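Chemist:
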């Protein structure tokens, strides 16, 4: 019998593509993260209202279900938790500026990129 994983950090995944959201979640869970999944920025905003201080990593697509973009969500997230590691991804070039400290990844990104970022986000 395997041991239950102990989650040391929490990540928020915001992606309207269910397959990508699930893949990201599995990668992060294998890295020891507790993962909260959201399909829209509005759902993620509700998570941030209650749990922003408990998060150490947020990965979001630019284009999301709902009225808010991933870039707008990145500003909300950084406002609520300035230490939060935020990664915004898109298959298109990014036209808007990101908040200080946020990163942009062009799609397709490699699973190894996610694992590296997960490790970096857990460092004090």
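Residue numbers (this note's numbering): 13 to 136. Using N, Cα and C, we set each Cβ at its ideal position, and we do this for glycine too. Quantities reported herein were computed from a predicted structural model and do not represent experimental measurements.
Which stretch, first to last residue, makes up the alpha helix (DSSP H) that contains residue 138?
Modeler: Summary: the structure shown does not reach residue 138, with the chain confined to residues 13 through 136, and so no result is reported for it.
Chemist: Tell me which residue opens and which closes the alpha helix (DSSP H) that residue 92 is part of.
Modeler: 82 to 92
Chemist: May I have a chain-ordered list of the beta strand (DSSP E) segments no shorter than 3 residues that lie completely inside the stretch 87 to 129?
Modeler: 97 to 102 and 115 to 118
Chemist: Apart from the five residues on each side of it in sequence, which residues of its chain come closer than 6 Å, Cβ to Cβ, to residue 81?
Modeler: 74
Chemist: Go ahead and pull the three-state DSSP assignment for residue 47.
Modeler: strand
Chemist: Check for me: the beta strand (DSSP E) holding residue 23 runs from which residue to which?
Modeler: Where residue 23 is concerned, the enclosing beta strand (DSSP E) stretches over 21 to 26.
Chemist: Check for me: the alpha helix (DSSP H) holding residue 60 runs from which residue to which?
Modeler: 53 to 63
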